[in-house]
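If you read the sequence shown in my numbering, its first letter stands for residue 188, the second for the next number, and so on. Yeah, the Cβ is synthetic: ideal placement off N, Cα and C, and Gly gets one too.
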Amino acid sequence: MKNVFLFATTFFLATAAMAQTNPAPVPSQPEHDTATVTYVDSSVGNAYVTNPERLQGLTTETLTSSHIFPALGTYKASGTSTADVTLMLDETNKGIVWVDGLPQGRFKALMKKSPATYKVPAQKSESGQSIAEGILYFNPETNELSIVLGKAYNDADPTSVLTINSKKTKVWQYNGVKADAEPTSTLPASQKQ
Numbered sequence: 188m189k190n191v192f193l194f195a196t197t198f199f200l201a202t203a204a205m206a207q208t209n210p211a212p213v214p215s216q217p218e219h220d221t222a223t224v225t226y227v228d229s230s231v232g233n234a235y236v237t238n239p240e241r242l243q244g245l246t247t248e249t250l251t252s253s254h255i256f257p258a259l260g261t262y263k264a265s266g267t268s269t270a271d272v273t274l275m276l277d278e279t280n281k282g283i284v285w286v287d288g289l290p291q292g293r294f295k296a297l298m299k300k301s302p303a304t305y306k307v308p309a310q311k312s313e314s315g316q317s318i319a320e321g322i323l324y325f326n327p328e329t330n331e332l333s334i335v336l337g338k339a340y341n342d343a344d345p346t347s348v349l350t351i352n353s354k355k356t357k358v359w360q361y362n363g364v365k366a367d368a369e370p371t372s373t374l375p376a377s378q379k380q
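Spelled out as structure tokens, the structure:
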């Protein structure tokens, strides 16, 4: 009898304790929803292309690699530069261009900002010559190519190295103007680093 009484008392206290918990409050809804929705233009032309008006009227049949990658092509030397340079797209990685025609030999540049700002990482050229870090910048407005080697790439303002005084700092610089002809093929896989 004593066990039954203890069991009943424990059951009663447990039931009473559970009855004393407060239910979770229901959050109140505001009377008037004043949220506004702002749509961001997410079209491909405005999100990835700096001058989408240049691509207006193009169809998939007329769109060429020079529209997508305007830096590709052949450049005639201008200013104090003497070499003609060719930029070719890597056939397996569209973010890499190969630079050919400079005294340093053939080397690669990595796309950093579309359409034509590339980082030249420190590397060895195919001829074994050491190449310092730098920038390759193509100005689509003037069709001019600038390559600066020997200065670190600046993510905040990549083109800031183009205005440096090359006599005070030890850099190598190339300037060229785009020729009308484009390279017709990409770099073969057998010639990659």
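Notebook entry, point to check: Is the distance from the Cβ of residue 262 to the Cβ of residue 337 below 8 Å?
Noted result: Numbered from 1 along the sequence shown, position 75 holds the residue referred to as residue 262. Numbered from 1 along the sequence shown, position 150 holds the residue referred to as residue 337. It is not a contact, given that the beta carbons lie outside the stated cut-off.
Next item on the list: In the DSSP assignment, find the unbroken alpha helix (DSSP H) run with residue 170 in it and report its ends.
Entry: This structure gives no information on residue 170, because the portion of the chain shown stretches from 188 to 380.
Notebook entry, point to check: Where DSSP assigns a beta bridge to residue 192, which residues make up the other side?
Noted result: Counting from one through the sequence shown, the residue named residue 192 turns up at place 5. Answer is none; residue 192 lacks a bridge partner.
Notebook entry, point to check: Exposed or buried, residue 245, counting other C-beta atoms within 10 Å across all chains shown (16 or more means buried)?
Noted result: As a first step, residue 245 is located in the sequence shown; it is residue number 58 there, counting from the start. So residue 245 counts as exposed.
Checklist line | One or two residues paired with residue 273 in a DSSP bridge | finding: Here residue 273 refers to the residue found at position 86 when the sequence shown is read from its first residue. According to DSSP, residue 273 bridges with 261 and 287.
Next item on the list: Tell me where the beta strand (DSSP E) around residue 360 begins and ends.
Entry: As a first step, residue 360 is located in the sequence shown; it is residue number 173 there, counting from the start. Run containing residue 360: 359 to 365, per the beta strand (DSSP E) assignment.
Note to self: From the DSSP secondary-structure annotation, give me the bridge partner or partners of residue 157.
What the structure shows: Absent from the structure is residue 157, since the part of the chain shown begins at 188 and ends at 380.
Next item on the list: Can you tell me the Cβ-Cβ gap for residue 310 and residue 295, rounded? I've got them flagged as a contact below 8 Å.
Entry: On the sequence shown, position 123 is the one that residue 310 refers to. On the sequence shown, position 108 is the one that residue 295 refers to. Going by Cβ atoms, the distance from residue 310 to residue 295 rounds to 7 Å, so yes, they are a contact pair.
Next item on the list: Run the CB neighbour count on residue 276, radius 10 Å, all protein chains shown included, and call it buried at 16 or more, exposed below.
Entry: Start at 1 with the first residue of the sequence shown, and residue 276 comes out as number 89. So residue 276 counts as buried.
Item checked: Beta-carbon proximity list for residue 231, same chain, < 7 Å, skipping 5 on both sides -> Walking along the sequence shown from the start, residue 231 turns up at place 44. Reliability of the predicted coordinates at residue 231 is poor, the pLDDT of 46 falling under 50, and no value is obtained from them.
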